[in-house]
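Trainee: As you go down the protein sequences, you meet chains A and B in turn. Add 229 to a position in the first sequence, counting from 1, and you land on the number used in our numbering. Add 1296 to a position in the second sequence, counting from 1, and you land on the number used in our numbering. Yeah, the Cβ is synthetic: ideal placement off N, Cα and C, and Gly gets one too. All values reported here derive from a predicted model rather than from experimental measurement.
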Amino acid sequence: MSSFERKGKWIESLFRWLCLSAALLPLGVLLVLLTDMAIDASGRISWDFLTSHASRKPEQAGILSGMVGSFYLVILTAGIALPVGVASALYLEEYAGRGRLSNFIELNIANLAGVPSIIYGLLGLEIFVRTIGLGRSLLAGACTMALLVLPIVIMSSREALRTVPSVLREGAYALGATRLQTIRRVVLPMALPGILTGAILSVSRAIGEAAPLIVVGALAYITFLPEGLQSPFTVLPIQIFNWVSRPQEAFLANAAAGGLVLMATLLVVNGLAIILRNRLQKRRSW
Amino acid sequence: MSSVVPSDITRKEIPAIPLHRHGQLREKLVELAILGCGMLSILTTAGILGVLAFETIAFFKEVSPTQYFFDSQWTPLFSDQHFGIWPLLTGTLLTSIIAISVALPFGLLSAIYLSEFSAQETRKILKPALEMLAGVPTIVYGYFALVFVTPMLQHILPGLAAFNALSPGIVMGIMIIPMISSLADDALHAVPISLKEGAYALGADKLQTIFRIVIPTAFSGITASVILAVSRALGETMIVAIAAGQQPRLTLDPRVPIETMTAYIVQISLGDTPAGTLAYKTIFVVGASLFVMTFGMNMLSQRLAKRYRNKS
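See the structure below:
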């Protein structure tokens, strides 16, 4: 009996180790890949690389237009998606009851979150670029991207709104506040850390996306900075894609360097989110 | 019995709250705006369905559905045009199958570790760490597949082409691990502790409890996570656009260049395709086919996920 038990223990700990290594191995692979990319990039990362435009000569090419394009695009995308997304979340959490309509909207948002990003590109191409006539512009790209990240903003904002205790709302109503006043002065400030986290999540999603923007018509080769909403543009991931697709070896180093800048940007953005959230949470812990 | 403050007097003495007509109007307007935003998601779905349906119908006016569903060649850019979806479809399925055969064992075992073996503190670190895998931009994964994984695999498989289904499939599999590990962990975690205690009370050991009680109870949730991961793999674009090639080919051989549905859309979008041409319409038809597949899987996944949420 005891030997049987010991054998069971042995198998159990073996299985435990198997499970642990299944969790750690992919992380190890990611680490190896990122290190490899950093090594490939090491020869190209320089101030010139960050401040030069695209070029036909790999050693002169830089990511300036991609970085500036990404920056504008993300700011615009967040500017569109955040107010609309938070308002949608407010509608679902604070206004709509548990009716048929809100169930339908909820199901609909969950489905939109699962639609492949390239399909959003097709939507943007037909609606924003062609029907509305924005052309292959920064604004068309931002509108497309805003629709893409909207489900993320809505879902995380709803999560945040749900954490606000209803006692606080009732307290505000009891003091004579209207529904809108309650939302503005009580609910939104309380839910802010969660909403911000969702905002950052959607921003980092938008920074890394390339496929829908290619469909919408962001250009791969551009040697100027966007001048306005109507301007053609490129973004960092598309610039990298362009370099990866070229046969010359030298452009691959550029792609690696671009990838490294992209990863570093995401790291900073997400790190900022964590710091921000912790700080806001601390302020409100009573 | 006389009350101290007669109610009719109080009513007179408290001045009526002045009605801020202006404020009320503003409140109504804001409420209307909020309602409008709530409806935007429905509008988005309607937009997607409308756009895809419109261009698909336009496409089928020029090309017969029989050709689309039964022709074995996809050559819209050649002079000898064929519009059979099968080469793109098998390319998409092939990379997705490879991806899920990587992601399923790793994701599921990770989920079991997270929910059954790890301490609460470890879980708090390990789960977000795994989710990082899904946060890496797909363009970076594409670079890995082309520059690192393919050359490495070529040492093992000498017949492997520079563009192939295997390498992007594997890399895509790593990317979707967290979809399975996180969602399956949620499902495993939702299994009531009383069930496990019951199993232990009957003399089952930990492994028996996991395999005979916890996993079967969480099965619908685990399946939901796997279906969602497959759907994600079907729609993944940049990794396959970079590393799988641009040759629509009806094959299940993972060593040769192929083209997926998403990579085809990218290929056409990169070229200068004027609106209204047949080539322009093909990307919407391919998009519509992709949408139907992923939509079906997402619905199924949600159904299953709901079932485990109701159960626990």
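1) Using the C-alpha atoms, what's the distance from A307 of chain A back to V432 of chain A?
2) Return the residues of the region 339-350 of chain A that lie within a Cβ-Cβ distance of less than 9 angstroms from chain B, sorted by chain order.
3) Can you pull out the residues from the region 1350-1363 of chain B whose beta carbon lies closer than 9 angstroms to at least one beta carbon of chain A?
4) When the cut-off is 7 angstroms and only beta carbons count, does A1571 of chain B lie next to chain A?
5) Which residues of chain B have a Cβ atom closer than 8 angstroms to the Cβ of F470 of chain A, listed in chain order?
6) Relative to the alpha-carbon of L1426 of chain B, which residue among B:S1478, B:A1441, B:Q1416 and B:P1454 has its alpha-carbon at the smallest distance?
7) P461 of chain A to P455 of chain A, Cα distance in whole Å?
8) Got a sec? Which residues, its chain only, sit under 7 angstroms from L421 of chain A by beta carbon, not counting five neighbours each side?
9) For E1532 of chain B, is the classification buried or exposed, using 16 other Cβ atoms within 10 angstroms of its Cβ as the cut-off for buried?
10) So D277 of chain A is in the alpha helix (DSSP H); what residue range does that whole segment cover?
11) Please state whether the Cβ-Cβ distance between Y320 of chain A and G1334 of chain B is less than 7 angstroms.
12) Anyone know if the C-beta pair for A502 of chain A and R273 of chain A falls short of 7 angstroms?
13) Of the residues that make up the region 255-274 of chain A, which ones have a beta carbon closer than 9 angstroms to any beta carbon in chain B?
14) Which residue spans inside the region 1449-1490 of chain B form an unbroken alpha helix (DSSP H) run of at least 4?
15) Could you check whether the region 350-365 of chain A touches the region 1352-1371 of chain B, counting it as contact only if at least three pairs of C-beta atoms, one from each stretch, sit closer than 8 angstroms?
16) Can you check whether the C-beta of E1555 of chain B is within less than 7 angstroms of a C-beta belonging to chain A?
17) What number of angstroms, rounded off, separates the C-alpha of G362 of chain A from the C-alpha of V444 of chain A?
18) Exposed or buried, which one is E322 of chain A when buried takes at least 16 other CB atoms within 10 Å?
19) Residues of the region 398-415 of chain A in Cβ contact with chain B at a cutoff of 7 angstroms, in chain order, please.
20) Is there a Cβ of chain B sitting closer than 7 angstroms to that of A439 of chain A, yes or no?
21) Leaving out five residues on either side along the sequence, give the residues of the same chain with a beta carbon under 7 angstroms from the beta carbon of K1562 of chain B.
22) Are the CB atoms of A1441 of chain B and P1464 of chain B within a distance shorter than 7 angstroms?
23) Could you work out which residues of chain A lie near E1323 of chain B, taking near to mean beta carbons separated by less than 8 angstroms?
24) By the 10 Å Cβ neighbour count, where 16 or more other Cβ atoms means buried, how is A371 of chain A classified, buried or exposed?
25) Near A1601 of chain B, what residues of its chain come up, given a Cβ to Cβ distance below 7 angstroms and the 5 sequence neighbours on each side ignored?
26) Just the C-alpha distance for A1483 of chain B and Y1604 of chain B, rounded to the nearest angstrom, thanks.
27) Which two residues bound the contiguous alpha helix (DSSP H) that contains W472 of chain A?
28) Going along the chain, which residues of the region 1496-1521 of chain B sit with their C-beta nearer than 7 angstroms to a C-beta in chain A?
29) For A1355 of chain B, which three-state DSSP category applies?
30) Name the DSSP beta bridge partners of W1370 of chain B, please?
31) Taking 7 angstroms as the CB-CB cut-off, is L302 of chain A touching chain B?
32) Quick check: the Cα distance between W1370 of chain B and V498 of chain A, rounded to an integer number of angstroms?
33) When you compare the CB positions of M266 of chain A and G423 of chain A, do they come within less than 7 angstroms of one another, or not?
34) Ignoring anything shorter than 3 residues, give me the beta strand (DSSP E) runs that lie fully in the region 342-411 of chain A, in order along the chain.
35) Going by CA-CA distance only, name the one from B:P1433, B:F1413 and B:T1573 that's closest to T1505 of chain B.
36) When burial is assigned at 16 or more other CB atoms within 10 Å of the CB, is F1366 of chain B buried or exposed?
Mentor: This is what the structure holds:
1) The straight-line gap from Cα to Cα measures roughly 7 angstroms.
2) A339, N340, L341, A342, G343, V344, P345, S346, I347, I348, Y349 and G350
3) F1350 and E1351
4) yes
5) I1435, G1438, M1534, A1537 and I1538
6) Measuring from the Cα of L1426 of chain B, the nearest candidate turns out to be B:S1478.
7) 6 angstroms
8) L509
9) buried
10) W276 to T280
11) yes
12) no
13) The residues in question are P255, L256, V258, L259, V261, L262, L263, D265, M266 and D269.
14) 1462-1485
15) Output reads no: the region 1352-1371 of chain B does not touch the region 350-365 of chain A.
16) No, E1555 of chain B does not count as interfacial toward chain A.
17) 15 angstroms
18) buried
19) T407 and L409
20) yes
21) The displayed chain sequence assigns Val, not Lys, to residue 1562 of chain B. Taken in chain order, the residues that qualify are T1533 and A1537.
22) yes
23) Within chain A, the residues near E1323 of chain B are T407, R408 and L409.
24) buried
25) G1517 and A1520
26) 7 angstroms
27) L465 to V473
28) D1501, K1502 and L1503
29) The question names Ala, but residue 1355 of chain B is Phe in the sequence shown. Correct three-state label for F1355 of chain B: helix.
30) B:F1379
31) no
32) 42 angstroms
33) no
34) none
35) B:F1413
36) Exposed is the call here.
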